């Protein structure tokens with residue numbers, strides 16, 4: 002499933018890139034800028050989605066865990082406590 006999603010997202014990125022190029026040639030700078038802007042936005046949103054799916058898949062494939070353990074593994078790492 003993750004492979005299919007990654008392939009789909011890569012195809013969407015390429016399509017958006019070619020769309021931006023088409024708008025640059027056909028209609029001028031503003032449309033190309035908007036297409037490139039949405040390309041960047043969708044790229045980072047898709048990267049975040051892929052990372053989240055990968056983390057959740059890894060968590061659930063690692064064995065039986067309690068909901069608290071799952072929340073702790075998904076959470077971003079925290080800074081270590083100060084010693085002094």
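Numbering (my numbering), first residue to last: 2 to 85. Backbone N, C-alpha and C fix where the C-beta goes; we use that ideal spot for every residue, glycine too. Note that the structure is predicted; figures quoted are calculated from it, not measured.
Closer than 7 Å: residue i CB and nearest the ligand ADP heavy atom
i: residue 46; result: As presented, the structure is devoid of all ligands, the ligand ADP included, so that no description of it is given.
Distance between residue j and residue i (C-alpha atoms, nearest Å)
i: residue 59; j: residue 53; result: 10 Å
i: residue 62; j: residue 20; result: 38 Å
i: residue 42; j: residue 16; result: 14 Å
i: residue 67; j: residue 9; result: 32 Å
i: residue 48; j: residue 55; result: 10 Å
i: residue 65; j: residue 5; result: 26 Å
i: residue 46; j: residue 57; result: 17 Å
Cβ-Cβ separation, residue j to residue i (assumed contact under 8 Å), whole Å
i: residue 18; j: residue 40; result: 6 Å
Contact check, residue i vs residue j, beta carbons under 8 Å
i: residue 23; j: residue 44; result: no
i: residue 7; j: residue 51; result: yes
Q) Below 8 Å, can you find three or more Cβ-Cβ pairs linking the stretch 63-71 to the stretch 33-41? A) Here the stretch 63-71 does not lie against the stretch 33-41, with fewer than 3 beta-carbon pairs under 8 Å apart.
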